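Numbering (the numbering used here), first residue to last: 148 to 253.
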C-alpha cells in the first residue's frame with residue numbers, strides 16, 4: 148500500500164498499491180471487509196475520494212487514482228504510455244468517469 152484516503156463518512160478507507168489495484172475497505176467493523184476493488188493499468192501512487200464517496204453496488208461519488216512509473220525512471224524528453232496517469236472512476240462500478248489525464252512529476 149502506497150497511499151490511503153479516508154472517506155468523509157469515517158467508515159471507509161481507500162488504498163492504492165503498486166500491484167495496480169485500489170481497494171475500498173469498511174473500517175467500521177473488526178473484519179474490515181473489502182467493499183470494492185478498483186483496477187488500473189499501471190502501479191498506483193495516490194488515491195483521493197470525492198466528499199460523497201461511498202463504495203459498493205449502491206455507491207456514490209468518485210475515486211481518483213494516479214500512478215505510473217517511479218519518478219526516477221521517467222525521462223523528460225519522451226512521454227511514454229506508462230509514465231504517469233490519473234483516472235476518475237465511479238465509486239459504485241469502477242467504470243471510468245472522465246477522460247484519462249496525463250500529467251507531470253513535481
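Even for Gly, the Cβ is constructed at its ideal location relative to N, Cα and C.
If you're wondering where the values come from, they're calculated on a predicted model, not measured in any experiment.
- Around the beta carbon of residue 181, a 10 Å sphere encloses fewer than 16 other beta carbons of the protein chains shown; the residue is thus reported as exposed.
- If you draw a straight line from the Cα of residue 215 to the Cα of residue 191, it comes to about 6 Å.
- DSSP lists 161 as the beta-bridge partner residues of residue 152.
- Between the alpha carbons of residue 241 and residue 199 lies a distance of about 15 Å.
- When secondary structure is reduced to three states using DSSP, residue 244 falls in the coil class, being assigned neither helix nor strand.
- Residue environment analysis places residue 151 among the exposed positions, since fewer than 16 neighbouring C-beta atoms fall within 10 angstroms of its C-beta.
- Collapsing the DSSP output to three states places residue 199 in coil.
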